[in-house]
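Residue numbers (the numbering used here), protein chains in the order written: chain A, 41 to 153; chain B, 1445 to 1562. From the three backbone atoms N, C-alpha and C, an ideal C-beta is built for every residue, glycine too. Take a look at the structure below.
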């Protein structure tokens, strides 16, 4: 069973701090990795995608991928109360036309003013 | 606005009824999906269509029947609704199937349909 695991949290950080969200996956052949943000009662919204080992930065967000360790993380710098949400990690499985995203259960982040 | 849209946003119905949810995307994407998110917030894929062709059909009761009249539309019909069907159903689309370019499998979600079965 291909899986994606995240710490459910809640992760609580003070405003202005760095929030670190982690995700591990089981399928070594996975090639695409995504972080989505979901506010309560809303739909998942793409934050970052990453496909190669290393870091990818976009504004206050940095995604880090280590395929050897099967690990992907999301760092949020200068956390704001508006960042309080559930962050979902999604990993694309390998293989043919039935590739699909496998989703983690999400990490709940609370940024305290 | 370019987007993935779903109707209705809320659906409250009695057990045993039949209902449909509609989804449309005007992003020009080839691939569309239906997801179910239960009360524990787990997002589980149900179906995926690529250019009107069914490519993913997860272990879903056959009371659920997707239909894609064209690549911009993917509807979900549910027969004989049960209490356990209560959930939020999300439609999503992506430019194409994964593997062709690095961005083809990025998925964009509709606002969701909250289904409550009484």
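Query	Result
Per DSSP, residue 94/A forms a beta bridge with which residues?	105/A
Taking 8 Å as the threshold, find out whether the region 137 to 149 of chain A comes into contact with the region 1448 to 1462 of chain B through three or more Cβ pairs.	no
Helix, strand or coil: how does DSSP classify residue 1514/B here?	strand
Quick one: what's got a C-beta closer than 6 Å to residue 49/A's C-beta in the same chain, skipping five residues either side?	147, 148
Checking contacts by CB at 8 Å: is residue 1552/B closer than that to chain A?	yes
Tell me where the beta strand (DSSP E) around residue 58/A begins and ends.	It is not in any beta strand (DSSP E) - residue 58/A carries neither H nor E in the DSSP assignment.
Give the range of the beta strand (DSSP E) segment to which residue 1490/B is assigned.	1487 to 1494
Looking only at its own chain, which residues have a Cβ that is under 6 Å from the Cβ of residue 1539/B, when we skip the five neighbours before and after it?	1473, 1548
Can you grab the Cα-Cα spacing for the pair residue 80/A / residue 72/A, in whole Å?	26 Å
Does chain A have any CB closer than 8 Å to the CB of residue 1409/B?	Outside the modelled stretch of chain B, which goes from 1445 to 1562, sits residue 1409/B, for which no answer is possible.
Determine whether the beta carbon atoms of residue 89/A and residue 133/A lie at a separation below 8 Å.	no
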